[in-house]
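Q:
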Amino acid sequence: MPAGLPVQELKKLGLGSEVDLHVLEVPVEYQTVQSLVPSLWKQYRPLLVVHVGVSGMATTVTLEKCGRNHGYRGLDNSSFCPDSQCCIVGGPDCIYSVIDMESVCKRVTSSGLGVAVSVSKDAGRYLCDFTYYTSLYLSRGRSAFIHVPPLGKPYSREDLGRALQAVVREMLELLDQAEEKIHCQQHIH
Numbered sequence: 190m191p192a193g194l195p196v197q198e199l200k201k202l203g204l205g206s207e208v209d210l211h212v213l214e215v216p217v218e219y220q221t222v223q224s225l226v227p228s229l230w231k232q233y234r235p236l237l238v239v240h241v242g243v244s245g246m247a248t249t250v251t252l253e254k255c256g257r258n259h260g261y262r263g264l265d266n267s268s269f270c271p272d273s274q275c276c277i278v279g280g281p282d283c284i285y286s287v288i289d290m291e292s293v294c295k296r297v298t299s300s301g302l303g304v305a306v307s308v309s310k311d312a313g314r315y316l317c318d319f320t321y322y323t324s325l326y327l328s329r330g331r332s333a334f335i336h337v338p339p340l341g342k343p344y345s346r347e348d349l350g351r352a353l354q355a356v357v358r359e360m361l362e363l364l365d366q367a368e369e370k371i372h373c374q375q376h377i378h
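Per my numbering, the very first residue in the sequence shown carries number 190; after that it's consecutive.
1) Let me check understanding here. Comparing Cα to Cα, which of L213, L353, R257, V287 lies closest to L229?
2) If you follow the alpha helix (DSSP H) that T323 is in, where does it begin and where does it stop?
3) May I ask you to report which of helix, strand or coil DSSP gives Y233?
4) Report all residues from its chain with a CB closer than 6 Å to the CB of F334; omit the five preceding and five following residues, and keep chain order.
5) Thinking V356 and V238 are a contact (beta carbons under 8 Å), I'd like their distance in whole angstroms, please.
6) Do you know whose CA, among Q366, L363, R358, lies nearest V208's CA?
7) Please list, in chain order, all residues of the same chain as L194 whose beta carbon is under 6 Å from its beta carbon, the five residues on each side excluded.
8) Which same chain residues, not among the five before or five after D265, have their C-beta less than 7 Å away from its C-beta?
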């Protein structure tokens with residue numbers, strides 16, 4: 190199942206009139222990610238980018254805390270793998286999102302949504318992790334990655350869409366609070 194189904198559900202539900210939501214499907218290809226992700230950051234200059242992927246191992250909506258630079262050995266859908274086996278040559282080994290995923294998880298879980306949410310430090314060393322690291326590197330940590338389970342295992346498209354909506358709203362709220370804190374600190378000094 191492509192991640193596009195729950196994401197299309199999120200698009201249908203929306204995030205509110207103050208959020209400009211762009212939904213794009215990224216092919217499972219290293220070279221496409223290397224060119225497309227930077228061009229999207231340059232074109233849209235977003236406050237936050239949230240990537241979504243399907244994990245056959247996931248049974249919860251999983252918030253990934255970090256992206257890893259090295260260890261990419263699996264061939265993509267074009268039978269390609271970078272010779273360097275890394276995202277960004279010379280980049281740090283690991284980049285964490287500026288979003289406090291533990292806090293997002295707790296807030297969404299306590300909302301009574303009915304969809305289990307968890308946090309992970311391993312996005313899988315394949316295209317999901319590769320995409321996430323690339324985006325984190327370009328954004329100085331202003332990215333997020335959410336793994337969803339396959340449809341029906343155990344959640345419906347609608348369940349996953351509502352979960353994505355709740356998670357992204359919490360991420361934006363936390364990011365907004367962090368921005369306000371930074372802005373206040375700059376005026377104090």
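From the three backbone atoms N, C-alpha and C, an ideal C-beta is built for every residue, glycine too.
A: Once the coordinates are examined:
1) Stepping through the sequence shown from its first residue, residue 229 is reached at position 40. Looking at the Cα atoms, L213 is the closest of the given residues.
2) Indexing the sequence shown from 1 puts residue 323 at position 134. Segment 316-328, the alpha helix (DSSP H) holding T323.
3) The sequence position of residue 233 within the sequence shown is 44, counting from 1. Here Y233 sits in helix by DSSP.
4) Locating residue 334 in the sequence shown gives position 145, counting from the first residue. The answer, listed in chain order, is H240, E253, A312, Y321.
5) Start at 1 with the first residue of the sequence shown, and residue 356 comes out as number 167. Start at 1 with the first residue of the sequence shown, and residue 238 comes out as number 49. Contact flag wrong, Cβ pair sits at about 14 Å.
6) In the sequence shown, the residue the question calls residue 208 occupies position 19. When each option's Cα is compared against that of V208, the closest is R358.
7) Start at 1 with the first residue of the sequence shown, and residue 194 comes out as number 5. Closer than 6 Å at Cβ, skipping near neighbours: R346.
8) As a working mapping, residue 265 is identified with position 76 in the sequence shown. Answer for D265: V217, E218, Y219, L316, listed in chain order.
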